[in-house]
């Protein structure tokens, strides 16, 4: 059977994402490719989502729109710290919206709350360790980074809590997406505040695109 619009958008997202990841391996020579491909990623994911569901959530669409704003702000070559803060703020809203979306689909926790408590606490431990790793390089951005880290770890925990009511492929896809998103932001933070990584930006984009796509695909599968 012919592919539908949702499948076409997902394939296009994979192709554009692959080009972006490859372009980031040599930013000096391929910067124009980064500028062309990065702003296309979230719009393609929006198309994938809207075409794949009969009852789209405005919160999910808004989360992706703020993800797009974050992409653009972090891509712009001017503005320095101001653009970074604008990007951080956009992704903060993105994370908070995902927390709300995930929280709205958590079922009764009665039987599984203790089973969930241990892995949920691992998110907190990871956040503390990661903060200690980058703390010296944060300077006056400590407060903003703490707020952002709290939001993205809350996204991970609420994705995990969806296990109560979503013991299906959709749950695992969303959880994998949240974990990949956390890994992406961890690489970005380490690269910016601790030590430059040789292929840091490519790794950031690979895990970021995978994270967003897995979350959306998981929500569609739920």
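In the working numbering, the protein residues as written are 58 to 279. For glycine and all other residues, C-beta sits at the position ideal for the given N, C-alpha and C.
CB-CB length for residue i against residue j, believed under 8 Å
i	j	result
residue 198	residue 77	That belief does not hold up - the Cβ atoms of residue 198 and residue 77 are roughly 26 Å apart, past 8 Å.
residue 66	residue 149	With 8 Å as the limit, residue 66 and residue 149 do not qualify as a contact, their Cβ atoms being about 26 Å apart.
residue 84	residue 93	Actually they are not in contact, since the Cβ atoms of residue 84 and residue 93 sit about 13 Å apart, beyond 8 Å.
Residue i burial status per 10 Å Cβ neighbour count (16 or more: buried)
i	result
residue 186	exposed
residue 115	exposed
residue 242	buried
residue 128	buried
residue 151	buried
residue 206	buried
residue 109	buried
residue 272	buried
residue 244	buried
Best match in the options for proximity to residue i [C-alpha to C-alpha]
i	options	result
residue 217	151, 72, 173, 243	173
residue 80	95, 214, 265	95
residue 131	161, 220, 147, 194	147
residue 213	121, 235, 260, 178	235
residue 179	239, 104, 225	239
residue 220	176, 68, 111	176
residue 75	267, 272, 126	267
residue 274	233, 242, 248	233
residue 280	231, 192, 272, 200	What the structure shows of the chain is the stretch from 58 to 279, and residue 280 is not part of that stretch, so it cannot be assessed.
residue 154	139, 277, 246, 122	122
residue 100	61, 73, 206, 60	73
residue 124	137, 97, 111, 225	97
residue 269	113, 120, 89	120
residue 126	188, 190, 143, 139	143
residue 190	248, 60, 86, 113	248
residue 138	196, 254, 225	196
heavy atom of the ligand NAP below 8 Å from residue i C-beta
i	result
residue 265	The ligand NAP is absent from the structure shown, which contains no ligand whatsoever.
Check whether residue i and residue j have beta carbons under 9 Å apart
i	j	result
residue 194	residue 256	no
residue 160	residue 227	no
residue 70	residue 107	no
residue 104	residue 63	yes
residue 215	residue 237	no
residue 246	residue 204	no
residue 259	residue 133	no
residue 231	residue 181	no
residue 158	residue 117	yes
residue 145	residue 184	no
Test: residue i CB closer than 9 Å to a CB of chain C
i	result
residue 207	Of the protein chains in this structure there is only one, and it is not chain C.
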